[in-house]
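Read through the structure below, which is laid out as structure tokens, and then see the notes.
Residue numbers (this note's numbering): 20 to 284.
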């Protein structure tokens, strides 16, 4: 049967194209979103979430740029992966109307998924795509999050580098992995350390991390030196950390970012 004869084949093909970014997991995700009616899968995806992801895949099949197509398939596959994990943890898919059609026939879930797929397609640093997919699964099981709040989180995250997201992940897990106590240099000599320090300062200026940047004191008095251990997530930072599931950033990525921020003297 060709794609033309089987409308679902095009959507499955989009998921499978995601293997270029997400690996073979994309093919397994396609099976859950487009299940064989005669099959008995050991794992299943909740019907409302599956329908939403299926609709997004069907809409994205016309993406012509191969790498953008792969990113679109990958972000939906990562949503499936995390959706299964969330369900296994005992968190059901929300039943508050998030998946119900509104005026024009589209649901809030459709709006959010379209925005996430668009963000993934434009993510040249493809390490972000996993967490954009996880966002879809998080929102699908979180009745306290609406489409407007998700749009705010996506806007906040859009301007952040991967290293900035990893730094947010590191601050967010300080309870299980304490941050360094050594004060940071205000103007590191090496370019890599300087860039990491600028990324951190931008997070402070954006209101994602406390304390905010320290303003110069009258008379040129010495400023207190910032230590990584002093950093805390703000309410904005918590929003980005939660929705992008930054708790799942790998420990070695966090360690690498902290090492760039405060390299050995």
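C-beta: ideal position from N, C-alpha, C; glycine also.
Rounded to whole angstroms, what's the CA-CA distance from residue i to residue j? Just pull it up for me.
i: residue 198; j: residue 221; result: 19 Å
i: residue 114; j: residue 256; result: 27 Å
i: residue 31; j: residue 72; result: 11 Å
i: residue 178; j: residue 185; result: 14 Å
i: residue 101; j: residue 81; result: 25 Å
i: residue 225; j: residue 176; result: 11 Å
i: residue 261; j: residue 152; result: 13 Å
i: residue 205; j: residue 211; result: 13 Å
i: residue 263; j: residue 28; result: 30 Å
i: residue 234; j: residue 136; result: 39 Å
i: residue 213; j: residue 109; result: 44 Å
i: residue 107; j: residue 149; result: 19 Å
i: residue 64; j: residue 123; result: 26 Å
Assuming contact is defined by CB atoms lying nearer than 9 Å, are residue i and residue j in contact in what I supplied?
i: residue 40; j: residue 93; result: yes
i: residue 219; j: residue 259; result: no
i: residue 95; j: residue 155; result: yes
i: residue 52; j: residue 76; result: yes
i: residue 196; j: residue 270; result: yes
i: residue 67; j: residue 103; result: no
Would you list the one or two residues that DSSP bridges to residue i?
i: residue 251; result: 229
Counting only the same chain and skipping the five closest in sequence on each side, list residues whose C-beta sits under 7 Å from that of residue i.
i: residue 249; result: 230
i: residue 23; result: With a pLDDT of 48 at residue 23, under the threshold of 50, the modelled position of that residue is not reliable, and the figure given next carries that caveat. So the list is empty, once near-sequence residues are dropped.
i: residue 202; result: 244, 245 and 246
i: residue 130; result: 166
Within its chain, find whatever has a CB closer than 6 Å to the CB of residue i; leave out the 5 residues flanking it on each side and keep chain order.
i: residue 182; result: 218 and 276
i: residue 146; result: 181
i: residue 216; result: 207
i: residue 105; result: 156 and 160
i: residue 128; result: 71, 117 and 118
i: residue 69; result: 52
i: residue 223; result: 231 and 232
If I measure Cβ to Cβ from residue i and keep anything under 8 Å in the same chain, skipping five residues before and after, which residues do I get?
i: residue 42; result: none
i: residue 35; result: 45, 46, 49 and 92
i: residue 120; result: 126
i: residue 74; result: 129 and 132
### Message
Any contact between the region 179-191 and the region 132-141? By contact I mean 3 or more CB pairs, one from each, below 8 Å.
### Response
no
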